[in-house]
Amino acid sequence: MALNPVNKALRQKAEAEVKSTPLSPLDLTMDKVKSLVHELEVHQVELEMQNQELRETQQLLEKSRDEYSDLFDFAPVGYLIIDEKGTIVNINLTACHMLGVDRLQLKGKPFSAYLMIGDANSFFLNLRRAFSTGILENIEFIIHRKDNTNFNAQLSGTVDTNPNDNNRFCRIAMHDITEIRNMEILQVRHEDLEKENIKIEKYNLELEKVVLERTKELSEALESEKDINEMKSAFISIASHELRTPVTIIMSSVILMEKFINIGDYNKLDKHIQRIKLATTNFTSILDDFLSLEKLEKGIVRVKKETFDMFEFIRLLTEEMDSILKPEQQILYSHEGNPSTFQNQKILHNILVNLLTNAIKYSETDVVLNTINNNGELTIFVKDKGIGIPQEDQKNLFKRFFRAENVRDFQGTGLGLSIVKRYVELLGGSIEYVSALNKGSTFKIQLPERNPPLF
1 MALNPVNKAL RQKAEAEVKS TPLSPLDLTM DKVKSLVHEL EVHQVELEMQ NQELRETQQL
61 LEKSRDEYSD LFDFAPVGYL IIDEKGTIVN INLTACHMLG VDRLQLKGKP FSAYLMIGDA
121 NSFFLNLRRA FSTGILENIE FIIHRKDNTN FNAQLSGTVD TNPNDNNRFC RIAMHDITEI
181 RNMEILQVRH EDLEKENIKI EKYNLELEKV VLERTKELSE ALESEKDINE MKSAFISIAS
241 HELRTPVTII MSSVILMEKF INIGDYNKLD KHIQRIKLAT TNFTSILDDF LSLEKLEKGI
301 VRVKKETFDM FEFIRLLTEE MDSILKPEQQ ILYSHEGNPS TFQNQKILHN ILVNLLTNAI
361 KYSETDVVLN TINNNGELTI FVKDKGIGIP QEDQKNLFKR FFRAENVRDF QGTGLGLSIV
421 KRYVELLGGS IEYVSALNKG STFKIQLPER NPPLF
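Residues in the sequence shown are numbered from 1 upward in steps of one, following full-length UniProt numbering.
Below is the structure:
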């Protein structure tokens, strides 16, 4: 029977033991020989039985090793054994497949070689902490494969010591969590989409509301298209009418300034420069009023009043009107009551410019301007002895574009008095008049010294 290396070593040891204590043939009797042979036979049987048990044990160990190897290599999780330097000591086939590299090429290589550049330092810090605490907490990295693809990996493990050489190593389990992270990203995107859908639904509801409102407005606009077109025409006409006065003042002052310059009379230039400045200011003011016309029509602008001196206000106004006065024609002004009033200067200026312009235009004699400020109310009278207003035309006097029969030969748009009435209403006041053909007209305006309510 062939002896395996273990049995052979035992045989050699036994022979050496026998040689060290030899038996003398004289000491052996037949009974002793028989007894010795029996013992040897029993011992041989025992040895053969022990050999059989050893062979079976070795087979079981080999089988267990193979099973462990299969369990290690083909586990659904990647396993790595890494030393303190981060070098791969051993690795299972699952981890090799994850990395896309053969086992022989991985053993002895640094694990950090398969990490993204920015993750290597973090890995070593966590590995150092693991060798200090005995546990590698869950950490996540992006692993770079040999084929230039990546996957999200979660690492965790424990640190053990080899009893044979006292070397320490970290057993690491590596999970591919790419699908989990992708699902989380999809979940976040799904939640974002749901939020966007909610916003879109909200916007749709708001849009539907706006569409309904705009449809209603369009319907109303179409129904009042005639009025809208009239308003457009009125705006153009009003602009032409209202802006003519400051332009006339500017032009007349420029002509006079040229004349004074030619004759060397420079002392009179300052007055006309001031008139140009004032007229330009009024020009801009009128433009501002027209730009806010739509808001005024909708009644969403509150009139802002301020306290100012009537004497100074009228002085500047009459200077402004000097350029359109006819020869020997004057504006005669008088005031009663408190000289300080609480009104909107711009609107009051536009009212008086319109009334005084008409009085000067339709009269050859002086124009009378009276103001009375008592009991919180400002009353204004503008009187002329001009051509007057025919009785049959007086009912339409404040309509836009209306012009009386006896003013056809005079330049105008028929907007002046309609503008005056609108301004007076904005200030919360009232306007009335008395007129007789060829005898003249008197306009009376009453303005409260308080802010009017919103229309």
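Note that CB positions come from ideal geometry on N, CA and C, so glycine has one too.
Pair within 7 angstroms by beta-carbon distance, residue i and residue j
i           : j    : result
R168        : T161 : yes
residue 462 : F151 : Look at the range of the chain in this structure, 1 to 455, and you will see that residue 462 is not part of it.
A95         : M174 : yes
M310        : T357 : no
L317        : L378 : no
residue 457 : M98  : In the structure as shown, the chain begins at 1 and stops at 455. Residue 457 is therefore absent and cannot be evaluated.
H272        : M257 : yes
S156        : L136 : yes
V101        : A130 : no
V407        : K383 : no
E431        : I419 : Per the sequence presented here, residue 431 reads as Ile, with Glu not at that position. No, the Cβ-Cβ distance between I431 and I419 is not below 7 angstroms.
D119        : L93  : no
N373        : N338 : yes
I249        : A279 : yes
L125        : F141 : no
I347        : Y333 : no
Buried or exposed by the 16-neighbour rule on C-beta atoms within 10 Å, applied to residue i
i    : result
S253 : buried
T307 : exposed
G440 : buried
D270 : exposed
Y79  : buried
Y423 : buried
L355 : buried
V247 : exposed
H349 : buried
E213 : exposed
Y203 : exposed
L36  : exposed
E39  : exposed
R275 : buried
S292 : Because S292 carries a pLDDT of 45, less than 50, the predicted location of this residue cannot be relied on, and the following value inherits that uncertainty. When all chains shown are included, S292 counts as exposed.
S112 : buried
V211 : exposed
K216 : exposed
V45  : exposed
M30  : exposed
For residue i, three-class secondary structure by DSSP
i    : result
N167 : coil
K361 : helix
I380 : strand
D322 : helix
N344 : coil
E84  : coil
A173 : strand
T57  : helix
P448 : strand
F402 : coil
T442 : strand
T248 : helix
V303 : coil
F74  : coil
D366 : coil
I180 : helix
D160 : strand
Residue i beta carbon near the ligand SAM (any heavy atom closer than 6 angstroms)
i    : result
R450 : Of the ligands one can find in the structure shown there are none, so the ligand SAM has no counterpart to examine.
What alpha helix (DSSP H) runs, 4 residues minimum, are completely inside the region 108-152? 120-133
Evaluate the contact criterion for the region 393-402 versus the region 354-365: three or more CB pairs, one atom per stretch, below 8 angstroms. no
Cβ contact (3+ pairs, closer than 8 angstroms) linking the region 314-329 and the region 382-393: no
Are there three or more Cβ pairs, one per stretch, closer than 8 angstroms when the region 341-355 is compared with the region 414-433? yes
Do the region 105-123 and the region 79-92 touch if we need at least three Cβ pairs shorter than 8 angstroms? A contact exists between the region 105-123 and the region 79-92.
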